[in-house]
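Novice: Can you keep this structure in mind? I'll have questions shortly.
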Amino acid sequence: MTSRRSFLGSLAGAVVAAGCTTPPNPAPAGIVDTHTHFYDPTRAEGVPWPPPGEARLYRPVLPAEYRRLAEPLGIVGTVVVEASPRESDNDWVLERMAREPFLMGLVGHLKPGRPGFAEGLDRYARNPLFRGIRTGGWEVRVAPADAAFVRDCLRLARRDLALDVLVSPAELPRVAELAEAAPDLRIVVDHCANVRVDGRRPPDDWLRGLDACAAHGNVHFKVSGLVEGTGRNDGSAPHDPAYYRDVVDAVWQRFGPRRVLYGTNWPVSALFAPLDAVHAIVQTDATRRGARAAAAFFRGNAERVYRLRNLSR
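Shown next as structure tokens:
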């Protein structure tokens, strides 16, 4: 069993993902994946996501399965991100975290700007495994012009919790506005703001949105959702890191090594490419930026942004 403080094995000699021209360098020890989802449709109350029609996802997706895939890649733990608009599903994940040290923290679901947010935050913030919330989905958009929304985001900041946001390229200016309104709030943009990835130069509106967000030191970017950005959910997303380089370079150039985070978005990413290929794409890129940058990307930034206090559990 891999512990928080040790890493057994490395990627030396790992099989190269199809399409990669050179094998990836060994990964830094102790990688933290900041974006996974777990759920179980067989629960009596079912799940609101994924839909039953998506058979590849509509099944029990539990930590043991992910761990078998992740540990050989050097991943020693993960931050779980909400996959449900039901507040009670925070409890379902936290219950599993209490007995599974591989699960380092939860970015849960509460609805900023809606009635009951303050009470819910008071309740969950007592649990040290609750590391923040995500918004932007489930009909709760990022709303920097909404005084109630901003007030609740400021509550998060006072609790030293993070805010993940799920947005489109067109919504990035709103993220920048929120960052200005709540400068003490650590904001993490998920999935590269869902930019389309086609092997060519990224769209101008996305690049302008990056510039607006990067001007605020409290905004971070999660280098996740790359294979999903191809739209190839038949498993045929390219494995060659060069296909994604223009997108990844644009993020690193603007946010630098201290404001980028590693995330796989598993199991959603598995519809587009296997976990080892998803990992190899960003590993090849990060290691060419140097050991210090790679270490920050794969672990250090996750610890700092999410305040992962439970590493020694």
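No gaps in the numbering here: position 283 of the sequence shown is 1573 in the numbering used here, and each next residue is one more. Note that CB positions come from ideal geometry on N, CA and C, so glycine has one too.
#1: So, V1432 versus R1464, is the Cβ gap smaller than 7 Å?
#2: Can you tell me whether Y1329 is helix, strand or coil according to DSSP?
#3: The ligand ATP heavy atoms versus the CB of G1590: any closer than 6 Å?
#4: Starting from the N-terminal side, write out each stretch of the alpha helix (DSSP H) that is 4 residues or longer and does not extend beyond the region 1547–1603.
#5: Can you give, in chain order, each stretch of the beta strand (DSSP E) that sits fully within the region 1452–1540 and has at least 3 residues?
#6: When the Cα of L1462 is compared with those of R1421, R1441, W1556 and H1506, which residue comes out closest?
#7: Are the region 1440–1457 and the region 1467–1482 touching by the rule of at least three beta carbon pairs closer than 8 Å?
#8: Does S1378 pass the burial test, meaning 16 or more other C-beta atoms within 10 Å, or should it be called exposed?
#9: From this set, S1514, R1404 and Y1414, which residue's C-alpha is nearest C1482's C-alpha?
#10: Can you list, in chain order, the residues of its chain whose CB lies under 6 Å from that of G1367, leaving out five sequence neighbours each side?
#11: Using DSSP with H/G/I as helix, E/B as strand and the rest coil, what is D1379?
#12: As an exercise, report each continuous alpha helix (DSSP H) stretch of at least 4 residues that is fully enclosed by the region 1403–1452, in chain order.
#13: Of the choices T1520, A1584, G1499 and A1502, whose alpha-carbon is the least far from that of V1550?
#14: Can the beta-carbon of V1568 be found less than 7 Å from the beta-carbon of G1519?
#15: How long is the line joining the alpha carbons of R1589 and D1495, rounded to whole angstroms?
#16: Which of the three DSSP states is assigned to T1311 in this structure?
Specialist: On the basis of the data shown:
#1: yes
#2: strand
#3: Ligands in the displayed structure: none, and consequently the ligand ATP is not present.
#4: 1565–1577, 1581–1585 and 1591–1596
#5: Listed in chain order, they are 1452–1455, 1476–1479 and 1509–1513.
#6: H1506
#7: yes
#8: exposed
#9: S1514
#10: V1322, F1392 and M1394, listed in sequence order.
#11: helix
#12: 1407–1414 and 1437–1448
#13: A1584
#14: Against a cut-off of 7 Å, the Cβ pair of G1519 and V1568 comes out as no contact.
#15: 30 Å
#16: Note that T1311 scores 32 on pLDDT, short of 50, meaning its location in the model is unreliable; the coordinates nonetheless yield the value given after this. Under the three-state reduction of DSSP, T1311 is assigned to coil, being neither helix nor strand.
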